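**Q** One line per chain: the protein sequences are A and B, in this order. According to my numbering, the first sequence is numbered sequentially starting from 1. According to my numbering, the second sequence is numbered sequentially starting from 1. Got a structure for you, questions after.
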Amino acid sequence: MTASIRLQLTPDVRYVLRIGDTCLVHAQRLAEWCGHAPVLEEDIALANLGLDLLGQARALLTHAGRLEGGGHDEDTLAFLRDEHDYFNLTLVELPLRSGGADFADTQLRCCIVAAWLACLWQGLASSRDRELAAIAAKATKETRYHLEHAADWVVRLGDGSDASARRMQAALARAWPYVAELFDDDAVDAAAAASRLGPAASTLRQPWQASLRAVFAEARLAPPAEGAFRSHGRRGRHSEHMGYLLVELQHLQRAFPGGVW
Amino acid sequence: MKGAQPVAFEGRVAEAWRVLSGVLDPEVPALSVVDLGIVREVSTGAGGALEVVLTPTYSGCPATEAIEADIGAALAAAGLGPVTLTQRLAPAWTSDWISDDGRRKLAAYGIAPPCTRAGDAVVRVLARNVPCPRCQSARTERLSAFGSTACKSLHRCLDCLEPFEYFKPI
Chain A
1 MTASIRLQLT PDVRYVLRIG DTCLVHAQRL AEWCGHAPVL EEDIALANLG LDLLGQARAL
61 LTHAGRLEGG GHDEDTLAFL RDEHDYFNLT LVELPLRSGG ADFADTQLRC CIVAAWLACL
121 WQGLASSRDR ELAAIAAKAT KETRYHLEHA ADWVVRLGDG SDASARRMQA ALARAWPYVA
181 ELFDDDAVDA AAAASRLGPA ASTLRQPWQA SLRAVFAEAR LAPPAEGAFR SHGRRGRHSE
241 HMGYLLVELQ HLQRAFPGGV W
Chain B
1 MKGAQPVAFE GRVAEAWRVL SGVLDPEVPA LSVVDLGIVR EVSTGAGGAL EVVLTPTYSG
61 CPATEAIEAD IGAALAAAGL GPVTLTQRLA PAWTSDWISD DGRRKLAAYG IAPPCTRAGD
121 AVVRVLARNV PCPRCQSART ERLSAFGSTA CKSLHRCLDC LEPFEYFKPI
């Protein structure tokens, strides 16, 4: 069994890992649909979405490794960290194929996250960090297709039959407590905004709401009121589901150190 | 098989472009890497090594590494080595860079080329009436937003009834 790596976590490294880990873990959950989606077209679509996200994660983790300076590459960062050194949004680590989740949860999450990433990429395109800006400018084109696809599904299910509408509204109620974290600032955000590395999370709220307002209206969905619950995946404090996800994600590298295809 | 005769210095860049025009994209074998617009620059560096700058298509394109290996092997086989390959992300690749020749080859292969410029593709207004690459009919419908690769969607012609792929504008 390979030991976990230890990182020098400067605010810049944390900021980039938050985005890279969100793409990585989101891709991991979407990959669980491969071979299991309700229709073949959706199986292909979810796999393609996951592949784009994994590509974005690779670029971001590679860049985080360079910023960190300890010689860690994308694979080391993806496979050899302990749970508290992953900084993804809690929302993307929640199960999609177990624990009472529905197909509606998958499409709603894809829609919420794609709209968030679209705002984030746009803010990052003018980063002082040219590599980060280039990754974002590329990803923004891909995310546009992800948002279009997921938003189509949210409308189709939300404004569909009584059963599909009820299930989409239930998915919205399940996802909503975890949405507050998308816009929750801390010292890492403040440092990124001050040094023009990238936008603070709180500044994404307004453009995100604006982009989803039309989708929710067309889907005849009403987002619930925001409660007091806060998740903290971006700070390395995860839900009970993260450990199981990492066991599967890391298994091969832990069991066969340095193994490659 | 092309011999590994050293190519005269001044002719190497032109020769490299010619060789690259024969290196096909493994996912869309109708197109060369030059038709696709992913070869951005070919030059000779200070040490005399050939420098090739590539801009990858999609972030998650699984062909990126294969394309790099194919390009390196083709240039080496043509006696143009040593070669330095560089990935350049910015400006990001766009389907607008597919050459006119590339667009004709795509259509002949049965894949409809992008029918709008990348910047004109509007979110949530779907291009459902992509012209059929076989019979040119505009009466077509989209079957699937994603196809066998991330860059394509799947469509069907309502006149000739043939299914076809569409290279999405990005």
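The beta carbon of each residue, even a glycine, is placed where N, CA and C say it ideally should be. Small disclaimer: the values here were computed from a predicted structure and weren't measured.
Going by other Cβ atoms of all chains shown within 10 Å of its Cβ, with 16 needed for buried, is B:VAL125 buried or exposed?
**A** For the purposes of this step, residue 125 of chain B is identified with residue 125 of the second sequence, where counting begins at 1. Note that B:VAL125 scores a pLDDT of 47, beneath 50, so its modelled location is shaky; the value from the coordinates is reported in the next line. Result: exposed.
**Q** Excluding the 5 residues preceding and the 5 following B:CYS135 in the sequence, name in chain order all residues of the same chain whose CB lies nearer than 7 Å to its CB.
**A** Translated into the one-based positions of the second sequence, residue 135 of chain B becomes position 135. Closer than 7 Å at the Cβ level, and outside the excluded window around B:CYS135, lie CYS157, ASP159 and CYS160.
**Q** Of all Cβ atoms in chain A, is any one closer than 8 Å to the Cβ of B:TYR166?
**A** Start at 1 with the first residue of the second sequence, and residue 166 of chain B comes out as number 166. No, because no Cβ of chain A sits closer than 8 Å to the Cβ of B:TYR166.
**Q** Taking a contact to mean a Cβ-Cβ separation below 8 Å, would you say A:ALA118 touches A:LEU147 in this structure?
**A** Here residue 118 of chain A is taken as the residue at index 118 of the first sequence, counted from 1. Here residue 147 of chain A is taken as the residue at index 147 of the first sequence, counted from 1. The answer is yes: Cβ separation under 8 Å.
**Q** Can you have a look at A:PHE229 and say buried or exposed, based on whether 16 or more other CB atoms are within 10 angstroms of its CB?
**A** In the first sequence, the residue the question calls residue 229 of chain A occupies position 229. That one is exposed.
**Q** Return the CA-CA distance between B:GLY60 and A:GLY259, expressed in angstroms with no decimal places.
**A** The sequence position of residue 60 of chain B within the second sequence is 60, counting from 1. The sequence position of residue 259 of chain A within the first sequence is 259, counting from 1. Whole-angstrom Cα-Cα distance: 21 Å.
**Q** Of all Cβ atoms in chain A, is any one closer than 8 Å to the Cβ of B:SER59?
**A** One-based indexing of the second sequence puts residue 59 of chain B at position 59. By this cut-off, B:SER59 is an interface position.
**Q** What in chain B is Cβ-close to A:HIS72, meaning under 9 Å?
**A** Reading the first sequence from its first residue, position 72 is the one you call residue 72 of chain A. Going along chain B, no residue has its Cβ under 9 Å from A:HIS72, so there is no contact; the nearest lies around 19 Å.
**Q** Going by C-alpha to C-alpha distance, which of A:ARG58, A:SER126 and A:PRO207 sits closest to A:ALA193?
**A** Along the first sequence, read from residue 1 onward, the residue named residue 193 of chain A stands at position 193. Per the Cα distances, A:SER126.
**Q** The region 54 to 78 of chain A: which residues have C-beta closer than 8 Å to a C-beta of chain B, in chain order?
**A** For the region 54 to 78 of chain A, which is checked against every Cβ of chain B, the residues closer than 8 Å are LEU54, GLY55, GLN56, ARG58 and ALA59.
**Q** Does A:LEU60 pass the burial test, meaning 16 or more other C-beta atoms within 10 Å, or should it be called exposed?
**A** Taking the first residue of the first sequence as position 1, residue 60 of chain A is located at position 60. The residue in question, A:LEU60, is buried, as its Cβ has 16 or more Cβ neighbours within 10 Å.
**Q** For a cutoff of 8 Å on Cβ pairs, would you count B:SER21 as touching chain A?
**A** One-based indexing of the second sequence puts residue 21 of chain B at position 21. No, B:SER21 lies away from the interface with chain A (no Cβ there is under 8 Å from its Cβ).
**Q** Across the region 233 to 241 of chain A and the region 92 to 99 of chain A, are there enough close Cβ pairs to call them in contact, namely three or more that are closer than 8 Å?
**A** Output reads yes: the region 92 to 99 of chain A touches the region 233 to 241 of chain A.
**Q** Going by CA-CA distance only, name the one from A:LEU53, A:ASP152 and A:ARG18 that's closest to A:LEU212.
**A** Counting from one through the first sequence, the residue named residue 212 of chain A turns up at place 212. Here the closest residue by C-alpha is A:ASP152.
**Q** Does DSSP put B:TYR166 in a helix, in a strand, or in coil?
**A** On the second sequence, residue 166 of chain B is found 166 positions in, with the first residue counted as 1. B:TYR166: strand per DSSP, three-state reduction.
**Q** Whole angstroms are fine: how far does the CA of A:ALA255 sit from the CA of A:VAL298?
**A** The first residue shown for chain A is 1 and the last is 261, placing residue 298 of chain A beyond what the model contains.
**Q** To the nearest angstrom, report how far apart B:ALA76 and B:ILE67 are at their CA atoms.
**A** For the purposes of this step, residue 76 of chain B is taken as residue 76 along the second sequence, with counting starting at 1. For the purposes of this step, residue 67 of chain B is taken as residue 67 along the second sequence, with counting starting at 1. Looking at the two C-alpha atoms, the distance is approximately 14 Å.
**Q** Using a beta-carbon distance cut-off of less than 8 Å, what residues from the region 24 to 55 of chain B approach chain A?
**A** Flagged: no residues at all.
**Q** With H, G and I counted as helix, E and B as strand and the rest as coil, what does DSSP make of A:VAL92?
**A** Your numbering for residue 92 of chain A matches position 92 in the first sequence. Helix at A:VAL92.
**Q** Could you have a look at B:ILE38 and say whether DSSP puts it in helix, strand or coil?
**A** Residue numbering aside, residue 38 of chain B sits at position 38 when the second sequence is read from its first letter. B:ILE38: coil per DSSP, three-state reduction.
**Q** May I ask which residues mark the beginning and end of the beta strand (DSSP E) holding B:SER144?
**A** To locate residue 144 of chain B, count along the second sequence from 1; it is residue 144. Looking at the DSSP string, the run of the beta strand (DSSP E) that includes B:SER144 is 140 to 144.
**Q** Taking buried to mean at least 16 other C-beta atoms within 10 Å of its own C-beta, is A:HIS72 buried or exposed?
**A** Position 72 of the first sequence, counting from 1, holds the residue named residue 72 of chain A. When all chains shown are included, A:HIS72 counts as buried.
**Q** Below 8 Å on the Cβ atoms is my contact criterion, and I expect A:ALA219 with A:VAL155 to pass it. Report the Cβ-Cβ distance as a whole number of Å.
**A** In the first sequence, residue 219 of chain A corresponds to position 219, counting from 1. In the first sequence, residue 155 of chain A corresponds to position 155, counting from 1. Rounded, the Cβ-Cβ distance is 4 Å, consistent with contact.
**Q** Starting from the C-beta of A:LEU30, find all residues in its chain whose C-beta is less than 8 Å away, skip the five residues before and the five after it, and write them out in chain order.
**A** Here residue 30 of chain A is taken as the residue at index 30 of the first sequence, counted from 1. Excluding residues within five positions, the ones whose Cβ falls inside 8 Å are LEU46, ALA47, LEU49, GLY50, LEU53, LEU96, THR106 and CYS110.
**Q** Considering Cα atoms alone, identify which of A:THR143, A:THR140, A:HIS149 and A:GLU142 is closest to B:SER181.
**A** What is shown of chain B runs 1 to 170, which leaves residue 181 of chain B out entirely.
**Q** Taking DSSP's pairing of strands, which residues face B:HIS155 in a bridge?
**A** Taking the second sequence and counting its residues from 1, one reaches residue 155 of chain B at position 155. According to DSSP, which records beta bridges pairwise, B:HIS155 is partnered with B:ARG142 and B:PHE164.
**Q** Would A:ALA78 and A:LEU17 be called neighbours here (beta carbons separated by less than 8 Å)?
**A** As a working mapping, residue 78 of chain A is identified with position 78 in the first sequence. As a working mapping, residue 17 of chain A is identified with position 17 in the first sequence. Against a cut-off of 8 Å, the Cβ pair of A:LEU17 and A:ALA78 comes out as no contact.
**Q** Taking the alpha carbon of A:ALA217 as the point to measure from, which residue in A:ASP159, A:GLY69, A:LEU197 and A:LEU204 has its own alpha carbon closest?
**A** Position 217 of the first sequence, counting from 1, holds the residue named residue 217 of chain A. Checking every option, the nearest Cα to that of A:ALA217 belongs to A:ASP159.
**Q** Going by DSSP in three states, B:LEU31 sits in which element: helix, strand or coil?
**A** Within the second sequence, residue 31 of chain B is the residue found at index 31, counting from 1. It is coil, neither helix nor strand.
**Q** Taking only beta-carbon atoms, is B:SER99 less than 8 Å away from chain A?
**A** The residue labelled residue 99 of chain B in the question sits at position 99 within the second sequence. With 8 Å as the cut-off, B:SER99 does not count as an interface residue toward chain A.
**Q** Would you say B:ALA69 lies against chain A (beta-carbon separation less than 8 Å)?
**A** Position 69 of the second sequence holds residue 69 of chain B. No, B:ALA69 does not count as interfacial toward chain A.
**Q** Quick check: the region 41 to 54 of chain B against the region 127 to 138 of chain A, are there 3 or more CB pairs under 8 Å?
**A** Flag = no, the region 41 to 54 of chain B and the region 127 to 138 of chain A do not touch.
**Q** Can you grab the Cα-Cα spacing for the pair B:GLU27 / A:VAL179, in whole Å?
**A** Along the second sequence, read from residue 1 onward, the residue named residue 27 of chain B stands at position 27. Along the first sequence, read from residue 1 onward, the residue named residue 179 of chain A stands at position 179. Each residue's Cα considered, the two are about 38 Å apart.
**Q** Counting C-beta neighbours from all protein chains within 10 Å, is the total for A:ALA114 16 or more, i.e. buried, or is it exposed?
**A** Walking along the first sequence from the start, residue 114 of chain A turns up at place 114. Buried: at least 16 other Cβ atoms inside 10 Å.
**Q** Would you mind telling me which residues of chain B sit closer than 8 Å to A:ASP52, beta carbon to beta carbon, in chain order?
**A** The count along the first sequence starts at 1 and reaches residue 52 of chain A at position 52. Result: TYR58, SER59, GLY60 and ALA150.
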